Every structure is written in C-alpha cells, then in structure tokens.
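Novice: Questions regarding the structure given below will be posed in turn.
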Amino acid sequence: MNSELILEKMEIKDNTFARQFETLVDGKLVSIEYSFQEKKIFLTRINTFEGFDNEEFITDFLKNIMEIAYERKLKVVPILPKIAAFMRKNTTYRDLLPPGIKI
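Quick note: my numbering has the sequence shown finishing at residue 105, numbered continuously throughout.
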C-alpha cells in the first residue's frame with residue numbers, strides 16, 4: 003500500500019477538550035496526547051487499543067500531525083522517546099523542533 007495514499011485519506015480530529023489528536027482504525031480510537039505552551043506542542047503519549055501494532059500507521063499518523071503543526075505555525079517538542087525516534091528518522095520535520103532542542 004502506498005503510504006502517500008494513507009496520508010491523504012487519514013481523518014484526524016483535534017479533540018481540544020481531551021488534548022489529543024484522534025483517528026479511527028477499524029472503528030477503534032488511536033490518539034496522540036499533547037499539551038501546548040507558547041506556540042509549542044508537546045507530544046506526550048500515543049494511545050492504541052489492545053493488539054494494535056501497526057507501526058506504519060503510527061508513522062503516517064505522526065506525519066499528519068507534523069503537517070498540522072506546519073499549518074498552525076507550531077514548534078513540536080517530542081516528549082515520548084518513540085516520537086523523538088520518529089523525528090530522528092524523518093529528518094524533513096526537524097525544522098519543527100524549537101531552538102535548542104536536539105534529538
């Protein structure tokens with residue numbers, strides 16, 4: 003499956019009350035929690051359902067969130083090691099890191 007196709011089709015809801023980005027996989031919720039501080043978004047946790055292990059989907063979900071950060075002119079602070087690893091691997095998003103943050 004072409005990951006570009008997934009990227010275009012993913013519907014993400016920004017649930018500001020729960021402070022998380024949400025999407026559905028087979029009718030079940032997958033979310034990435036965040037907090038805001040001064041034009042920075044801190045990505046703090048990935049929530050999946052039991053038995054979910056689709057790393058490619060999580061990568062596409064994170065790519066979509068990076069695009070949202072670009073649109074909103076936010077800097078991204080990856081608190082979770084898994085998200086920091088994503089940013090190390092996907093160097094195109096490094097410019098989203100705030101000054102002084104190294105991964």
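Glycine included, every Cβ here is placed at the ideal spot set by N, Cα and C.
Since the model is a prediction, treat every value here as computed from it, not as a measurement.
Which full runs of the alpha helix (DSSP H) of 4+ residues lie inside the stretch 21 to 66, going along the chain?
Specialist: Runs of the alpha helix (DSSP H) inside the stretch 21 to 66: none found.
Novice: Should leucine 26 go down as buried or exposed, given a rule of 16 or more other Cβ atoms within 10 Å for buried?
Specialist: Exposed is the call here.
Novice: Could you give the C-beta distance for proline 80 and alanine 86, rounded to a whole number, given that I count them as a contact under 8 Å?
Specialist: The pair is a contact, with the Cβ atoms about 4 Å apart (cut-off 8 Å).
Novice: Distance check for aspartate 28 and phenylalanine 54, CA to CA, integer angstroms please.
Specialist: Answer to the nearest angstrom: the Cα atoms are 10 Å apart.
Novice: Taking the Cβ atom as the reference point for each residue, do isoleucine 105 and valine 78 lie within a distance shorter than 8 Å?
Specialist: No. Outside cutoff.
Novice: Using a Cβ-Cβ cut-off of 8 Å (strictly less than) and excluding sequence neighbours within five positions of phenylalanine 63, which residues of its own chain qualify?
Specialist: For phenylalanine 63, where only same-chain residues beyond five positions count, the Cβ hits under 8 Å are Met12, Ile14, Phe23, Thr25, Val32 and Ile34.
Novice: What is the residue span of the beta strand (DSSP E) that proline 101 lies within?
Specialist: From DSSP, proline 101 is part of no beta strand (DSSP E); its letter is neither H nor E.
Novice: Could you name the residues that DSSP lists as bridge partners for asparagine 17?
Specialist: DSSP output for asparagine 17 lists Gln22 as bridge partner(s).
Novice: If distances are taken between C-alpha atoms only, which option among Thr94, Lys84, Arg74 and Asn92 comes closest to glutamate 40?
Specialist: It is Arg74.
Novice: Look at isoleucine 48 and leucine 82 and say whether their C-beta atoms are less than 8 Å apart.
Specialist: The answer is yes: Cβ separation under 8 Å.
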